[in-house]
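The sequence shown begins at 2 in UniProt numbering and counts up by one. Below is one structure, written out as C-alpha cells, with a few remarks after it.
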Amino acid sequence: ALVTTTEMFRKAYEGGYAVGAFNVNNMESVQGITEAAGELKSPLILQVSAGARKYAGHIYLLKLVEAALVENDIPIALHLDHGADFAICKSCIDGGFTSVMIDGSRFSLEENIEVTRRVVEYAHSKGTVVEGELGRLAGVEDDVKVNSEDSSYTHPDEVEEFVARTGVDSLAIAIGTSHGAFKFRPGQKPQLRFDILEEVSRRLPGFPIVLHGASSVSQEYVKIIQENGGQLKDAIGIPEDMLRKAARSAVCKINIDSDLRLAMTAGVRAALFAAPSAFDPREYLKAGRADVKTLVKHKITEVLGSAGMA
Ligand code: G3H
Ligand code: 13P
Ligand code: NA
Ligand code: ZN
C-alpha cells in the first residue's frame, strides 16, 4: 500500500539525505522513475499537480502508481503538488493520496495559516499528511508567473508560528530555487540562501523541510535536445553540489519535474531523429522512459543519497 511521508522524513532527517519527489503525468514516467528507485532500493515520492490530473485524470494516475507498487518493493508516497485550495486537497485526500501540499504562499501569513490549518484538520482526520509553504519562489508555478523581483525568501521569524498554528507535517521554503528550466539569467551566478535554511532548521529542530524548483537542468540533456531539432536557449538549473549540501541538511524532500521533462524529451527527440521513418510510439516512448530511468538513478545515487534506504 501507499505510505505517508512521516517515516520517510524521520529517517531522511536522521540519515542526512533527502527523498526525491518526482512529478508524474503518464505511464512511461511512472515506470521509469519507479524502476530506478526499485532497483536502488530507495524510498520514493511521486507527485501529481493540478495540471497532471487535468491531463491524465486522477484515477489513471492513482492506478498507475498502484501498479508500480505491485512491481516494486519500495515505500511510495503519492502526493498532491501545489494544491491551490481546500477543494483540490480534499479531492486528493478522499481519492487515495497519502500526502497533499496546500500552497498558500501567495496569501498573507494570516490567510495562509487559515487555509493550511483547515486542510491539516481534514487531512489528519483521514491519516493524510500535509506540506505547507512559506515564501515565494521565482519562476512559473502552474499558471501563476512569479518573476524574480516578486519572489521573496522565506522569513525565518514566521516559521515557528506557521508550523505551530497549522500543524503541518513539512514545510516548503524559498531560498532561491525556482520552477522551470530557466532558473538564472545567463551569466548570473547560481546562489542559494543556505543561511536562511540554517536559521529555519535552527528554529524547527527535527522538522522536515522541502525544496521546490530543484532541477539541475543537466546540459547533457539540453545538448541532446538541441542536436535533435529542439530549441532551449539559456536553460539553467541548480548546481548539483548545492542540492547535495541541501540533502545532507534538514531538507528531506527535493522536488524534481523539469529534469524529468528534459530527459523524456531528449530520449524521444533522439529516437525520432535517428529513425525518421519510425512511427510506432512504443519505440520512441521506450527511449524517453529509459532516459527518465537513467536520470532518476543518477539523482538517487549522486544527489539525494537515498539509495539503499528503502
Ligand atoms: O511546480 C510545478 C510543477 O513542475 C508541475 O508543473 O503544473 O505544469 O504540471 P505543471
Ligand atoms: P523544477 O521545475 O525545478 O523541476 O521544480 C519542480 C517542483 O518544484 C514541483 O513542485
Ligand atoms: Na536531509
Ligand atoms: Zn513546486
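For every residue, glycine included, the Cβ atom is placed at its ideal position computed from N, Cα and C.
Same chain only: Cβ atoms within 6 Å of Leu65, ignoring 5 sequence neighbours per side:
Contacts found: Met28 and Val31.
Pair within 9 Å by beta-carbon distance, Ala264 and Leu45:
no
Pick out the complete alpha helix (DSSP H) segments inside the segment 116-180, 4 residues or longer, and give them in chain order.
157-167
The beta strand (DSSP E) spanning Ile77 covers which residue range?
Counting along the chain, the beta strand (DSSP E) containing Ile77 begins and ends at Ile77 to Gly84.
With a threshold of 8 Å, establish whether the CB of Asn256 neighbours any heavy atom of the ligand ZN.
Correct: Asn256 has its Cβ closer than 8 Å to the ligand ZN.
Within 10 Å of its beta-carbon, does Val71 have 16 or more other beta-carbons around it, so buried, or fewer, so exposed?
exposed
Please report the distance separating the alpha-carbon of Gly177 from that of Glu115.
26 Å
Nonlocal neighbours in the same chain, by C-beta distance under 8 Å from Asp144, ignoring five residues either side:
Caution applies to Asp144, whose pLDDT of 48 falls short of 50 and renders its modelled position unreliable; the model cannot decide the point.
Terminal residues of the continuous alpha helix (DSSP H) containing Met102?
Looking at the DSSP string, Met102 is not in any alpha helix (DSSP H); the run it does join, the beta strand (DSSP E), is Ser100 to Ile103.
Euclidean distance between Cα positions of Val297 and Arg262
12 Å
Whole alpha helix (DSSP H) runs in the segment 22-94 with 4 or more residues, listed along the chain?
Counting whole runs of 4 or more residues, the segment 22-94 contains the alpha helix (DSSP H) stretches 28-40, 51-57 and 59-72.
Tell me the DSSP bridge mates of Asn256?
BP columns for Asn256 point to Ala22.
Determine, using beta carbons only, whether Pro209 and Phe10 come nearer to each other than 9 Å.
Inclusion of Pro209 and Phe10 in the CB contact set at 9 Å is warranted, their separation being smaller than that value.
C-alpha distance - Pro191 paired with Thr302, whole-angstrom precision
Looking at the two C-alpha atoms, the distance is approximately 23 Å.
Just to confirm before moving on: does the CB-CB distance between Gly214 and Ser250 stay below 9 Å?
no
Cβ-Cβ distance between Ser216 and Ser259 below 9 Å
yes
To the nearest angstrom, report how far apart Asn73 and Glu36 are at their CA atoms.
7 Å
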